[in-house]
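Presented below is the structure to which this report refers.
Numbering (the UniProt record's numbering), first residue to last: 1 to 382.
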């Protein structure tokens, strides 16, 4: 190759190298320039997703266009978010207000969806950086329900206490005014004794029900004889049964035990027997029977009383609910007996149910885990 050709090739190679260097410089400069330009898309701060995943609260991160960028699993479960949008218009409005002035806001909302019970929630909304908003929502439905039940309970107790307290006061005044009439004093004092016993029974049942509703586990459960519980229950109602010429008959399997609290179980059976006697007509029969299967003991109390209307059966275990308020007043009933039975059954891992036909009678069945079955299960697990 001559010198002229060599010089030409060297010039071409030099031009290619120089061009490549210039091109590489332009590419590098453009990348650096683009890296310094801020993006228009808001980004959830690092670590937020991790925090949201461990929160019990329903958490939602919303950008400046009201688009949900991130939401915790409870937020979807509660129905706060659908796709990338907030379902609640009230919550969305709160988010907009916080974005506008940067002030943290907290409020209470009622969220209602078709076919789903309304939820009472508290929402706390705060700015998260310059363009994002964080909403934390707590479900307070159960707390509100408990508050309502407690409020009703206090109101009902106050109302129930007024009757015997007022009666005792009036009777005391009557005794005072009839001090010179021994027969009147005796009559009024006997009535005072009845009212005071009713008041004492009401207070005792309120205390018992309040303790049962604490949902505390049974302390030191022991084997409880069903035969003994039924015997005490029948004996407790014996005077009322004799006065109404009602025969209380026991039948069924004997010698079975359940594990639990002797006092509570006896009170539950006694309440069922007392109700049967109170609501039965004179000259009728009340049957208390025991059945046993492989795992459970069932105690049934059958009466031939007034029965329960079909539309009221679901309510009879409510506190202070009375199928026949007039009869409850005359018998001194408190309306708490069946509620106590229900809670005793629940605390012992059992259940109580009722069959009734208005005008024909009722059958209440208390079902409890059989002690021998529990013992065999525990031994098998060892």
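All C-beta atoms in this analysis are idealised placements derived from N, C-alpha and C, irrespective of residue type, glycine included.
Keep in mind that this is a model prediction, so the values were computed, not measured.
- In the three-state DSSP reduction, residue 260 falls in the strand class (E or B).
- Taking each of 345, 276 and 69 in turn and checking the Cα distance to residue 52, the smallest one comes out for 69.
- Between residue 131 and the set 97, 236 and 183, the nearest pair of CA atoms involves 97.
- Beta-carbon to beta-carbon, residue 361 and residue 305 are separated by about 5 Å, close enough to satisfy the 8 Å threshold.
- Between residue 230 and residue 349, the alpha-carbon positions lie close to 19 Å from each other.
- CA-to-CA, the gap between residue 336 and residue 267 works out to about 12 Å.
- Taken through DSSP and simplified to helix, strand or coil, residue 142 comes out as helix.
- In the structure shown, residue 198 falls within a helical segment according to DSSP collapsed to helix, strand and coil.
- Distance from the CA atom of residue 297 to the CA atom of residue 283, rounded to whole angstroms, is 29 Å.
- Residue burial is scored here from C-beta neighbours: residue 198 has at least 16 other C-beta atoms within 10 angstroms and is therefore classed as buried.
- Per the C-alpha coordinates, the member of 241, 247, 256 and 239 positioned closest to residue 223 is 256.
- In the DSSP assignment, residue 351 falls within the beta strand (DSSP E) that extends over 351–357.
- Taken through DSSP and simplified to helix, strand or coil, residue 245 comes out as coil.
- With 16 or more other Cβ atoms inside 10 Å of its own Cβ, residue 275 counts as buried.
- By the Cβ-count criterion, residue 204 is exposed, with fewer than 16 other Cβ atoms from all chains shown falling within 10 Å of its own Cβ.
- Taking 8 Å as the upper bound for CB-CB distance, residue 249 and residue 237 are not in contact here, some 13 Å apart.
- In the DSSP assignment, residue 87 falls outside any alpha helix (DSSP H), carrying neither H nor E.
- Here DSSP, grouped into helix, strand and coil, assigns residue 105 to strand.
- Your pair residue 59 and residue 136 checks out as a contact, with CB atoms roughly 5 Å apart and the cut at 8 Å.
- At the C-beta level, residue 57 and residue 138 come within 7 Å of one another.
- Counting along the chain, residue 341 sits inside the alpha helix (DSSP H) bounded by residues 337–347.
- For residue 224, the enclosing beta strand (DSSP E) starts and ends at 222–225.
- Looking at 84, 121, 107 and 85, the one whose alpha-carbon comes closest to that of residue 94 is 107.
- Between the alpha carbons of residue 313 and residue 364 lies a distance of about 11 Å.
- For residue 178, no alpha helix (DSSP H) segment is defined, and its DSSP state is neither H nor E.
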